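Q:
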Amino acid sequence: MTATASTTTASTSTAPAASATAALASPRFLALAGTVVLWASAFPAIRVGVDGLGVAALSFLRLAVAAVALAVVAPFAGVRPPRRRDLPLIALCGATGMTAYQLLLNWGEVHVAAGTASLLIAVAPVFSVLLGAGFLAEPITRAVVVGSVVALTGSAVVALAGGAGGFSSGALVVLAAAVVQGVYHVASKPLLRHRGGLEVATYAMVAGTVLALPLAPAAVHGVAGASAGALVAAVFLGLLPSALGFVLWGYAVARLPLSASTAALYLVPPVALAVSFVWLSEVPRPAALLGGAVSVLGVVLINRRRARPATPLSTSPSATSGCRQTPLPRAPSIVMSEETKES
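Going by numbering that gives the first Met the number 0, the letters in the sequence shown line up with residues 0 to 342, in that order.
(1) Is the Cβ-Cβ distance between A186 and L91 less than 8 Å?
(2) Only counting the same chain, and skipping five residues up and downstream in sequence, which positions put a Cβ closer than 6 Å to that of V54?
(3) Taking C-alpha atoms, which residue in A259, I45 and T98 lies nearest to L214?
(4) Mind listing, in chain order, the continuous alpha helix (DSSP H) runs of no fewer than 4 residues lying wholly within the segment 74 to 157?
(5) Rounding to the nearest angstrom, what Cα-Cα distance links P26 and V72 in this structure?
(6) Under 8 Å, do F235 and A200 count as touching if we go by C-beta distance?
(7) Along the chain, where does the alpha helix (DSSP H) containing R303 start, and where does it finish?
(8) Note down, in chain order, each residue of its chain lying with its Cβ closer than 8 Å to the Cβ of L88, except the 5 sequence neighbours on either side.
(9) May I ask you to report which of helix, strand or coil DSSP gives H193?
(10) Alpha carbon to alpha carbon, how far is R79 from A273?
(11) What's the C-alpha gap between P256 and I120?
(12) Grab the span of the alpha helix (DSSP H) containing V267 for me, first residue to last.
(13) Tell me the residue span of the alpha helix (DSSP H) that contains L214.
(14) Less than 8 Å separating the beta-carbons of S147 and V128?
(15) In the DSSP assignment, find the alpha helix (DSSP H) that holds P43 and state where it starts and stops.
(16) What's the C-alpha gap between M335 and S260?
(17) Determine the DSSP secondary structure at V178, reduced to helix, strand or coil.
(18) For S294, count neighbouring Cβ atoms within 10 angstroms of its own Cβ and tell me buried if that reaches 16, exposed if not.
(19) Looking at V205 and E108, is the spacing between their C-beta atoms short of 8 Å?
(20) Applying the 10 Å Cβ sphere with the 16-neighbour rule, what's the burial state of A65?
(21) Does V145 pass the burial test, meaning 16 or more other C-beta atoms within 10 Å, or should it be called exposed?
(22) Thinking just about the alpha-carbon of each residue, which of G77, L31, A113 and L238 is nearest to the one in L288?
(23) Any idea if V149 is buried or exposed, counting beta-carbon neighbours within 10 angstroms, 16 or more meaning buried?
(24) Cα-Cα, which of R46, G51 and R61 is closest to L243?
(25) Output needed for R284: all residues of its chain with C-beta closer than 6 Å, excluding positions within five of it in sequence on either side, in chain order.
(26) Give the DSSP-derived three-state secondary structure of V282 in the structure shown.
(27) What separation, rounded to the nearest whole angstrom, lies between the Cα atoms of F75 and G93?
(28) Whole angstroms are fine: how far does the CA of F59 sit from the CA of S275?
(29) Consult DSSP for R254 and reduce its assignment to one of helix, strand or coil.
(30) Whole angstroms is fine: what's the gap from A123's alpha carbon to Q180's?
(31) Given T208, which residues of its chain have a CB within under 7 Å of its CB, disregarding the five upstream and five downstream residues?
(32) With DSSP collapsed to three states, give me the class of S58.
(33) Can you tell me where the alpha helix (DSSP H) with G228 in it begins and where it stops?
(34) Expressed to the nearest angstrom, what Euclidean distance is found between the alpha-carbon atoms of A262 and G195?
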């Protein structure tokens, strides 16, 4: 009797652990983890690519490779043609979240370490929320105000820690990249009411590539004299963080609560710091780490207001069958960043 009871107790206690392990090994969590790693790895890859190709060439090549890859995937992923009346918004998304973001982030990483850039880009949601309040009449709560002040204070600490004289102008350029990514998030929100996140990302990527065509001659010149490592970095950025990253992200957020997928993006800066240390031997300054932690805390405070409304999305038919209702944040890789990230 005692043996039977102990066996039952042991099996009961191990059941939750086994269930949690199975959940973490599920395709949706693996897709989310893959997105974080890919978007985090974009920051050191940019540093390698920009050193060998230059800012203009790397920007165009990454966009072009990603646009071609997404165009190939589009028919199999159910991406529909854009509506004609959406073209102005798509052009704005391409100009800000793709073309301008790439140029600013790549130029910033000429002067700022890859890990530091990831810490600065992490504040993009702050600008998204503030711009959303100004242009989409979204409410400003106390959590938004406090979180924005905390996040921007952290960014100021990172910027002041970056330069030899205590200030880095390159950090301001990276922050400008976070601002244009915020514009992308706001401009893409109306599109996401009737199109999926992958669809909007594909439209914006193609539009961004078209707008970046004036950089094509610089790309041709850059490729002619680039090292093999720089070329591999450019293809890697276009195929993996940009194209595959958006595909994985769309798959994950369609099957997970929005709060869980958003929380996972907080891991991008620390993972980027780790990858930069291994790949580039970059050691961030303690002040930059402190400022980055403060910035992420501010973004967490802002997103706390979204946790309750997001819960029903995870159980609704639209949330489990596709990514129609889920906004696409930055990636640090093309758009954290994307977003994030949109890097």
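All residues carry an ideal CB built from backbone N, CA and C; glycine is no exception.
Only a predicted model underlies this, so the values are computations on that prediction, with no experimental measurement involved.
A: Taking the structure as given:
(1) Working through the sequence shown from its first residue, we reach residue 186 at position 187. Working through the sequence shown from its first residue, we reach residue 91 at position 92. Pairing A186 with L91 gives a Cβ-Cβ distance under 8 Å.
(2) Start at 1 with the first residue of the sequence shown, and residue 54 comes out as number 55. These residues qualify, in order along the chain: N105 and W106.
(3) Counted from its first residue, the sequence shown places residue 214 at position 215. If you compare the alpha carbons of A259, I45 and T98 with that of L214, the shortest gap goes to T98.
(4) The qualifying runs are 86 to 92, 100 to 110, 113 to 120 and 123 to 134.
(5) Here the question's residue 26 lines up with position 27 in the sequence shown. Here the question's residue 72 lines up with position 73 in the sequence shown. Near 19 Å, if we compare the C-alpha coordinates of V72 and P26.
(6) Along the sequence shown, read from residue 1 onward, the residue named residue 235 stands at position 236. Along the sequence shown, read from residue 1 onward, the residue named residue 200 stands at position 201. No, these two residues do not count as a Cβ contact at 8 Å.
(7) As a position in the sequence shown, residue 303 is number 304, starting the count at 1. Run containing R303: none; DSSP gives neither H nor E here.
(8) Within the sequence shown, residue 88 is the residue found at index 89, counting from 1. Within the same chain, and ignoring the five residues on either side of L88 in sequence, the residues whose Cβ sits closer than 8 Å to its Cβ are A186, S187, P189 and L190.
(9) Counting from one through the sequence shown, the residue named residue 193 turns up at place 194. DSSP, reduced to helix, strand and coil, places H193 outside both helices and strands of the structure shown, so it counts as coil.
(10) Along the sequence shown, one-based indexing puts residue 79 at 80. Along the sequence shown, one-based indexing puts residue 273 at 274. Cα to Cα, the separation comes out at about 38 Å.
(11) Position 257 of the sequence shown, counted from the first residue, corresponds to residue 256. Position 121 of the sequence shown, counted from the first residue, corresponds to residue 120. Each residue's alpha carbon lies about 23 Å from the other.
(12) Counting from one through the sequence shown, the residue named residue 267 turns up at place 268. Counting along the chain, the alpha helix (DSSP H) containing V267 begins and ends at V267 to L279.
(13) As a working mapping, residue 214 is identified with position 215 in the sequence shown. Premise fails: L214 is in no alpha helix (DSSP H) and is neither H nor E.
(14) Here residue 147 refers to the residue found at position 148 of the sequence shown. Here residue 128 refers to the residue found at position 129 of the sequence shown. Between S147 and V128, the CB-CB gap stays under 8 Å.
(15) Here residue 43 corresponds to residue number 44 of the sequence shown, with the count starting at 1. Its alpha helix (DSSP H) spans residues P26 to L52.
(16) In the sequence shown, residue 335 corresponds to position 336, counting from 1. In the sequence shown, residue 260 corresponds to position 261, counting from 1. With a pLDDT of only 38 at M335, under the threshold of 50, the placement of this residue in the model should not be trusted, and no figure is reported.
(17) Counting from one through the sequence shown, the residue named residue 178 turns up at place 179. The three-state secondary structure of V178, taken from DSSP, is helix.
(18) Position 295 of the sequence shown, counted from the start, is the residue given in the question as residue 294. So S294 counts as buried.
(19) Start at 1 with the first residue of the sequence shown, and residue 108 comes out as number 109. Start at 1 with the first residue of the sequence shown, and residue 205 comes out as number 206. Not in contact: E108 and V205 (Cβ atoms no closer than 8 Å).
(20) On the sequence shown, position 66 is the one that residue 65 refers to. Within a 10 Å sphere around the beta-carbon of A65 sit 16 or more other beta-carbons, which makes this residue buried.
(21) As a first step, residue 145 is located in the sequence shown; it is residue number 146 there, counting from the start. With fewer than 16 other Cβ atoms within 10 Å, it is exposed.
(22) Looking up residue 288 in the sequence shown gives position 289. The option with the nearest alpha carbon to L288 is A113.
(23) As a working note, residue 149 is residue 150 in the sequence shown. So V149 counts as buried.
(24) Here residue 243 corresponds to residue number 244 of the sequence shown, with the count starting at 1. Of R46, G51 and R61, the residue nearest in Cα terms is R61.
(25) Taking the sequence shown and counting its residues from 1, one reaches residue 284 at position 285. Around R284: A160.
(26) Locating residue 282 in the sequence shown gives position 283, where the first residue counts as 1. In this structure, V282 counts as coil in the three-state DSSP scheme.
(27) Working through the sequence shown from its first residue, we reach residue 75 at position 76. Working through the sequence shown from its first residue, we reach residue 93 at position 94. If you take the alpha carbons of F75 and G93, they lie about 22 Å apart.
(28) Against the sequence shown, residue 275 aligns to sequence position 276. Against the sequence shown, residue 59 aligns to sequence position 60. Looking at the two C-alpha atoms, the distance is approximately 23 Å.
(29) Translated into the one-based positions of the sequence shown, residue 254 becomes position 255. It is coil, neither helix nor strand.
(30) In the sequence shown, counting from the first residue as 1, residue 123 sits at position 124. In the sequence shown, counting from the first residue as 1, residue 180 sits at position 181. So the two alpha carbons sit approximately 6 Å from each other.
(31) Mapped onto the sequence shown, residue 208 falls at position 209. Around T208, the same chain offers L62, A63 and A66 as residues with beta carbons nearer than 7 Å, after the five sequence neighbours per side are excluded.
(32) Translated into positions along the sequence shown, residue 58 becomes position 59. Three-state result, S58: helix.
(33) Here residue 228 corresponds to residue number 229 of the sequence shown, with the count starting at 1. Note, G228: alpha helix (DSSP H), A227 to L236.
(34) Stepping through the sequence shown from its first residue, residue 262 is reached at position 263. Stepping through the sequence shown from its first residue, residue 195 is reached at position 196. Distance between the alpha carbons of A262 and G195: 20 Å.
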